[in-house]
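What the sequence shown shows, in this note's numbering, is residues 316 to 568, in sequence order. We put the beta carbon where it would ideally sit given N, CA and C, even for glycine. Following: one structure in structure tokens, then a few remarks.
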Amino acid sequence: MSAAETGRYRLGSITERVALARVQVAALHAELPRWGLVVWTAGNVSQRVAANPEAGPGQHDLLVIKPSGVTYDELTPEAMVVCDLDGNVVDGERAPSSDTAAHAYVYRHMPRVGGVVHTHSTFATAWAARGEEIPCVLTMMADEFGGPIPVGPFAIIGDDSIGEGIVQTLSASRSPAVLMQGHGPFTIGSDARAAVKAAVMLEEVARVVHHARQLGEPLAIAPQAIDVLYHRYQNVYGQRPAPMAATRVEEGA
Ligand SMILES: [Zn+2]
């Protein structure tokens, strides 16, 4: 079996990989209400499907995302929508999430990103409403986010300004989460599961630091300590940026 055939065998055809991503993304949507991050039909998860996993991420990749305006109980794998990285529907019977353009912009401009999540989770959105970054005052923040959670610009839906704001802010930070001012958080990860985890952890630290604020001024963690914690955690748990599917397979071989 040639290397290409081995790769195809291990990574599946594009059809198989889209089918698997539909299952994964549908299942991950259940985590949003489970962790109290969404109300009604708000919130969405997407995942990149590499067109050519052996070559790595590219402009011909696809994304699988939630359909627009569908309740969480109805989010089956079949209900998910497949789009290209310009946000055009490639496969699916429903309209994609109204946030698809922002997700697609992130995938086009951040090759290391394999998953994107957007919510209006209460505490994170409260920080976004003030346009205030969440200071790094907890070791769990240093571990997960490597510093404060940054604020992105105020931008409204309809063009690429939300996507641009996300990419510009996250490119200048180690944080996988950004608080879009007056709107809410977007999180990224090497896959959709990692982005969901970041959304869950973000809401937790937003809640804790909010409560700490009520009784006084939380104490900042020194930058050197943040660096030590971040590098230790990322190495212990293997959550380095950009472990795309193809890379993982090669590393595991
Ligand atoms: Zn939103």
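request  = Within the same chain, show all residues whose beta-carbon is closer than 6 Å to that of V353, passing over the 5 residues directly before and after it, in chain order.
outcome  = L347 and T434
Alpha carbon of I579 to alpha carbon of R409, nearest angstrom = Lying outside 316 to 568, the shown extent of the chain, residue 579 is not represented and no answer is given.
message = I'd like to confirm the pairing. Which residues does DSSP put opposite G499 in its beta bridges?
response = M495
C-alpha gap between V333 and V379, whole angstroms = 7 Å
key: Among R528, A345, T356 and F501, nearest to T440 - alpha-carbon criterion   = F501
ask   = D414: beta carbon under 8 Å from a heavy atom of ligand 1?
value = yes
Segment contact flag, the region 465 to 472 with the region 487 to 496, C-beta cutoff 8 Å, min 3 pairs = yes
message = Given a cut-off of 9 Å on the beta-carbon distance, is the pair Y422 and V431 in contact?
response = yes
inquiry  = Tell me whether the region 382 to 393 and the region 445 to 459 touch, counting them as touching only if at least three CB pairs, one residue from each stretch, are closer than 8 Å.
reply    = no
key: Simplified DSSP state of T321, which is helix, strand or coil   = In this predicted model, T321 has a pLDDT of only 46, less than 50, meaning its place in the structure is not dependable enough to derive any value.
query = Taking C-beta to C-beta, are G373 and A366 nearer than 9 Å?
reply = yes
ask   = For the putative contact between V524 and V452, defined by C-beta atoms under 8 Å, what is the C-beta separation to the nearest angstrom?
value = 6 Å
request  = Could you name the residues that DSSP lists as bridge partners for N359?
outcome  = H433
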